[in-house]
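Here the structure comes first, spelled out in structure tokens, and everything after it is commentary.
Protein chains: 2
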Amino acid sequence: MANSLRKLSELEGVSLGIVGKYEPCTAYRVRSELKQSPSTHWQASAGSLYPLLTRLEEEGIVATKPDKSDGRGRKLLKVTTRGRKSLKEWVATGADETHISSVTDPIRSRMFFLDVLSPAKQRTYLAVLISLMEKHLSETRTHLDEVSESGDVYGYLGSLGAMKVVEARLDWLKVVQRRLITD
Amino acid sequence: MANSLRKLSELEGVSLGIVGKYEPCTAYRVRSELKQSPSTHWQASAGSLYPLLTRLEEEGIVATKPDKSDGRGRKLLKVTTRGRKSLKEWVATGADETHISSVTDPIRSRMFFLDVLSPAKQRTYLAVLISLMEKHLSETRTHLDEVSESGDVYGYLGSLGAMKVVEARLDWLKVVQRRLITD
DNA sequence: CGATGCATGTAAGCTGTTACATGATTGC
DNA sequence: GCAATCATGTAACAGCTTACATGCATCG
Numbered sequence: 122m123a124n125s126l127r128k129l130s131e132l133e134g135v136s137l138g139i140v141g142k143y144e145p146c147t148a149y150r151v152r153s154e155l156k157q158s159p160s161t162h163w164q165a166s167a168g169s170l171y172p173l174l175t176r177l178e179e180e181g182i183v184a185t186k187p188d189k190s191d192g193r194g195r196k197l198l199k200v201t202t203r204g205r206k207s208l209k210e211w212v213a214t215g216a217d218e219t220h221i222s223s224v225t226d227p228i229r230s231r232m233f234f235l236d237v238l239s240p241a242k243q244r245t246y247l248a249v250l251i252s253l254m255e256k257h258l259s260e261t262r263t264h265l266d267e268v269s270e271s272g273d274v275y276g277y278l279g280s281l282g283a284m285k286v287v288e289a290r291l292d293w294l295k296v297v298q299r300r301l302i303t304d
Numbered sequence: 122m123a124n125s126l127r128k129l130s131e132l133e134g135v136s137l138g139i140v141g142k143y144e145p146c147t148a149y150r151v152r153s154e155l156k157q158s159p160s161t162h163w164q165a166s167a168g169s170l171y172p173l174l175t176r177l178e179e180e181g182i183v184a185t186k187p188d189k190s191d192g193r194g195r196k197l198l199k200v201t202t203r204g205r206k207s208l209k210e211w212v213a214t215g216a217d218e219t220h221i222s223s224v225t226d227p228i229r230s231r232m233f234f235l236d237v238l239s240p241a242k243q244r245t246y247l248a249v250l251i252s253l254m255e256k257h258l259s260e261t262r263t264h265l266d267e268v269s270e271s272g273d274v275y276g277y278l279g280s281l282g283a284m285k286v287v288e289a290r291l292d293w294l295k296v297v298q299r300r301l302i303t304d
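Protein chains in written order, with the numbering used here: chain A, 122 to 304; chain B, 122 to 304.
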């Protein structure tokens with residue numbers, strides 16, 4: 122158990138937050154929450170999550186208790202006092218310039234160079250994108266409704282942000298489509 | 122020079138696109154474009170870009186020509202025919218479900234767990250975020266105007282997408298702020 | 001009694017970062 | 001002549017991924 126508070130990585134912060142929300146819960150539960158949410162981009166593969174939580178345990182940020190009533194050897198996780206301090210610090214580091222502008226978008230990255238495709242391919246490409254994005258938007262909306270009904274205010278506000286960004290991206294793709302068709 | 126077309130990474134694709142746009146140009150120029158643009162999140166550190174371009178050269182995707190009139194030993198880059206094919210393929214892979222939903226946002230990640238902060242700290246935090254985001258939005262708008270005047274249509278459309286996302290995020294933060302103040 | 005889901009992990013690798021290091025050119 | 005910018009790189013490492021591996025529990 123180290124003594125100084127270390128800066129948490131993104132996945133560490135999110136995972137710790139989930140543990141805190143559902144504690145006591147298993148690592149599996151954390152993973153399920155990450156996978157199920159359309160608002161986070163994390164794959165949260167077993168290969169990253171389990172070692173990550175072990176590390177947090179070694180540092181005294183989470184505490185584990187083996188669940189003896191369970192034959193699968195599962196462990197129940199809780200955030201320690203020290204862990205709650207780490208979590209607070211992680212949340213507070215969001216108000217920093219590097220986090221403001223760091224929203225990657227692989228579709229936008231490609232838009233800059235869309236002219237390498239033939240006009241016909243550009244149109245097909247955009248049509249596919251818009252159709253996929255519409256599907257994604259409706260999934261995001263469904264998820265938002267579910268969270269809304271659950272009464273989880275912060276979960277709702279987070280998911281709302283995800284939805285607004287998807288809406289903006291879809292709107293943008295339609296603008297691009299109109300612009301490239303009339304040319 | 123390998124024979125089969127390899128899938129390009131994000132930074133490889135973007136860098137190759139930039140070379141294609143400004144060729145013949147130096148690696149330094151590519152790096153400057155990446156750093157200057159508020160629409161890409163890439164740091165494009167020397168430590169990633171130079172080895173990356175060397176790799177693309179070894180694979181016959183870009184061709185280099187030493188500029189003998191320059192004492193700094195700079196090299197001029199061009200996209201090869203083979204490279205243009207790679208670039209086309211990279212652009213076309215954008216229409217794929219994994220790219221649709223993969224927009225990370227460290228601020229949104231934290232919003233889900235904002236309740237770990239005291240109400241007073243939540244308000245301060247949001248106020249700081251909104252002020253930083255407004256500044257970022259105005260920078261993005263300035264950049265968009267510049268690109269617009271340059272006549273680069275695809276550059277404009279890409280930057281437009283970046284701006285729309287920033288607008289959506291700012292709008293979202295204001296909704297959150299109202300919601301948390303009235304509570 | 002077999003499929004699906006719960007539950008935990010290891011090994012290898014990809015993609016990018018920061019920090020460090022070097023040297024020439026250009027403009028004031 | 002000195003500072004800022006141009007120009008290119010190496011070394012170490014952070015952070016996450018995929019692919020693989022294992023085994024119990026629950027439901028039909």
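Here a beta-carbon is modelled for each residue, glycine too, at the ideal position from N, C-alpha and C.
- Taking 4 residues as the minimum length, the alpha helix (DSSP H) runs contained wholly in the segment 218-269 of chain A are 218-221, 227-232, in order along the chain.
- In the three-state scheme derived from DSSP, where H, G and I count as helix and E and B as strand, residue 173 of chain B is classed as helix.
- Under the three-pair Cβ rule at 8 angstroms, the segment 142-158 of chain B does not count as touching the segment 214-227 of chain B.
- Residues 254, 257, 258, 261 of the same chain have their beta carbon placed closer than 8 angstroms to that of residue 287 of chain B, with the five preceding and five following residues left out of the count.
- The alpha-carbon separation between residue 278 of chain A and residue 199 of chain A amounts to approximately 24 angstroms.
- Between the segment 200-220 of chain B and the segment 157-172 of chain B, the count of C-beta pairs closer than 8 angstroms stays below three; the two stretches do not touch.
- Under the Cβ distance rule, residue 240 of chain B does not count among the residues neighbouring chain A, no pair being separated by less than 8 angstroms.
- When C-alpha distances from residue 143 of chain B are compared across A:188, A:234, A:220, the shortest belongs to A:234.
- Contiguous beta strand (DSSP E) elements confined to the segment 149-215 of chain B occur at 183-187, 196-200, taking only those with 3 or more residues.
- In this structure, residue 213 of chain A sits away from residue 201 of chain A, with a CB-CB distance that is not shorter than 8 angstroms.
- In this structure, the alpha-carbon of residue 218 of chain A lies about 34 angstroms from that of residue 252 of chain A.
- It is roughly 24 angstroms from the alpha-carbon of residue 239 of chain A to the alpha-carbon of residue 270 of chain B.
- Around the beta carbon of residue 267 of chain A, fewer than 16 other beta carbons sit within 10 angstroms, so the residue counts as exposed.
- Within its own chain, the residues whose Cβ lies closer than 8 angstroms to the Cβ of residue 291 of chain B, once the five positions on either side in sequence are excluded, are 251, 254, 255, 258, listed in chain order.
- Sixteen is the threshold: since fewer than 16 other Cβ atoms of the shown chains lie within 10 Å of the Cβ of residue 157 of chain A, the residue is exposed.
- Within a 10 Å sphere around the beta-carbon of residue 216 of chain A sit 16 or more other beta-carbons, which makes this residue buried.
- Think of a sphere of 7 angstroms around the beta carbon of residue 126 of chain B: no beta carbon from chain A falls inside it, the nearest being about 14 angstroms out.
- The CB of residue 221 of chain A comes closer than 7 angstroms to the CB of 253, 254, 257 in chain B, given here in chain order.
- Taking a beta-carbon distance threshold of 8 angstroms, residue 235 of chain B counts as an interface residue toward chain A.
- If the five residues before and after residue 129 of chain B are omitted, its C-beta is found closer than 7 angstroms to the C-beta atoms of 137, 207, 211, all from its own chain and listed in chain order.
- At a cut-off of 8 angstroms between C-beta atoms, residue 249 of chain A counts as an interface residue with respect to chain B.
- Within chain A, no C-beta atom comes less than 9 angstroms from the C-beta of residue 183 of chain B; the nearest is roughly 14 angstroms away.
- In the same chain as residue 196 of chain B, and ignoring 5 residues on each side of it, the C-beta atoms closer than 8 angstroms to its own belong to 147, 148, 185, 186, 187, 188, in chain order.
- In the DSSP assignment, residue 130 of chain B falls outside any alpha helix (DSSP H) and carries neither an H nor an E.
- For residue 292 of chain A, the enclosing alpha helix (DSSP H) covers residues 274-303.
- Scanning chain B for C-beta atoms nearer than 9 angstroms to the C-beta of residue 288 of chain A yields 289, reported in chain order.
- By the criterion of a C-beta distance shorter than 6 angstroms, residue 236 of chain A is surrounded by no residue of its chain, once the five residues flanking it on both sides are discounted.
- Under the Cβ distance rule, residue 156 of chain A does not count among the residues neighbouring chain B, no pair being separated by less than 8 angstroms.
- Residue 289 of chain A counts as buried, since at least 16 other C-beta atoms from the protein chains shown sit within 10 angstroms of its C-beta.
- Residue-level contact check: residue 151 of chain A does not touch chain B, since none of the beta carbons of chain B fall below 8 angstroms from its beta carbon.
- Between residue 294 of chain A and residue 170 of chain A, the alpha-carbon positions lie close to 34 angstroms from each other.
- Contact between residue 230 of chain B and residue 131 of chain A holds, since their C-beta atoms are separated by about 6 angstroms, short of 8 angstroms.
- Counting C-beta atoms within 10 angstroms of its own C-beta, residue 190 of chain B has fewer than 16 neighbours from the protein chains shown and is therefore classed as exposed.
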